[in-house]
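Presented below is the structure to which this report refers.
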Amino acid sequence: MAEINHFEYGWITPALSYALSVLGSILGLVCAGRIRTARTSGQRAWWGLLAAWALGGTAIWAMHFMAMLGFAVAGTRIRYDVPLTAASTAVAVVAVGIGLAIVGTGRLNPARLIAGGVFTGAGVAAMHYMGMAAMHLNGSLRYDAIRVVLSVVIAIVAATVALWLAMTVRRGLVIFASALVMGIAVNGMHFTGMSALSVHLHERQGGVVGTGVSALLVPIILAVVFGVVGLLYALLAAPTDDDRAATAYLEARRIPEQPATPVAAPDPVGLRARTTLGQPGTPFPSRRDNPPR
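To convert a position in the sequence shown, counted from 1, into our numbering, add 342.
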């Protein structure tokens, strides 16, 4: 059995992974709050997509990859299968999106919450072990069944709590505190699953196929940065409840414009008193109209 080191670079990788999970949780909870106040189905779908990307892509998957940067196995290199790694990202985002759709359509009740939590938690666990399957090295991976089951249970519980918070939390300080708890749950699930892993090296050491961590690091960091910036821009550009209330108040206070009252022109010589000349359209009098007697 090979020696495994989960913190090759010290505490910098777990600290960064926890920071990513907290950041993604904050953005995801704020976007999920906009789902409840959306007026159209298109707006609800838009905010649901952003919340799924924030929670599934940043808080869960980016955290997983950041923590994996500190993973090392003595006696072998580690490479990654890029298509399978990308597929694990899609699994995380889709699982969270479907979970939000389950709890966000209709009235929230325990049945919906449990169903959404089980589906999302299973998706998160699938993402984790797909990411592990994308890892290539000169050895075989084996897992302790009890710890694998424990990691799945943690994922389901964490997903259920996350969905409940997404549908109920609205205040800024509570959102921040909830994100701190969600970060602990996500990291706890990850490292519980990693503790179940053991590596048995092959007797013959050959070349390891796949892409190195350094080649994946730059595009993943860029994707996270642009994703976070895009989420912040979408949140700042969208009108809030206070903005809508202020607009409605101004509309209610607006005084309708009254039609202008025509002002009579001055009549210094008294022509308006002569009815034959004062009324528009009256023909000018002539002698033919009043013949002499």
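We put the CB at the ideal spot given by N, CA and C, even for glycine.
Since the structure is predicted, the reported quantities are computational estimates derived from the model, not experimental observations.
Residue i: CB within 7 Å of a non-hydrogen atom of the ligand FMN
i, result
"residue 502", "Ligands are entirely absent from the displayed structure, and the ligand FMN is therefore not among its contents."
Cβ-Cβ distance between residue i and residue j below 8 Å
i, j, result
"residue 479", "residue 415", "yes"
"residue 438", "residue 371", "no"
"residue 399", "residue 434", "yes"
"residue 389", "residue 380", "yes"
"residue 489", "residue 534", "yes"
"residue 412", "residue 349", "yes"
"residue 445", "residue 358", "no"
"residue 407", "residue 517", "no"
"residue 573", "residue 392", "yes"
"residue 540", "residue 410", "no"
Backbone CA spacing between residue i and residue j [nearest angstrom]
i, j, result
"residue 449", "residue 443", "12 Å"
"residue 420", "residue 451", "45 Å"
"residue 405", "residue 360", "7 Å"
"residue 345", "residue 542", "9 Å"
"residue 499", "residue 431", "20 Å"
"residue 427", "residue 476", "6 Å"
"residue 544", "residue 472", "22 Å"
"residue 569", "residue 496", "27 Å"
"residue 447", "residue 351", "44 Å"
"residue 549", "residue 482", "14 Å"
"residue 382", "residue 403", "30 Å"
"residue 507", "residue 575", "23 Å"
"residue 468", "residue 386", "26 Å"
"residue 455", "residue 470", "22 Å"
"residue 457", "residue 369", "23 Å"
"residue 521", "residue 528", "10 Å"
"residue 384", "residue 577", "16 Å"
Where residue i sits in the DSSP three-state scheme
i, result
"residue 481", "strand"
"residue 451", "coil"
"residue 619", "Unreliable positioning characterises residue 619 in this predicted model, as indicated by a pLDDT of 49, which lies under 50. A coordinate reading is not provided."
"residue 510", "helix"
"residue 476", "coil"
"residue 542", "strand"
"residue 421", "strand"
"residue 550", "coil"
"residue 396", "helix"
"residue 414", "strand"
Own chain, CB closer than 6 Å to residue i, minus 5 neighbours either side, in chain order
i, result
"residue 375", "512"
"residue 378", "none"
"residue 493", "531, 534, 535"
"residue 486", "538"
"residue 509", "445, 450"
Nonlocal neighbours in the same chain, by C-beta distance under 7 Å from residue i, ignoring five residues either side
i, result
"residue 525", "360, 363, 364, 367"
"residue 501", "441, 459, 462, 463, 466"
"residue 394", "435, 438, 439, 442"
Cβ-based neighbour list, residue i, same chain, cut-off 8 Å, excluding 5 preceding and 5 following
i, result
"residue 422", "476, 477, 478, 552, 553, 554, 555, 558"
"residue 580", "376"
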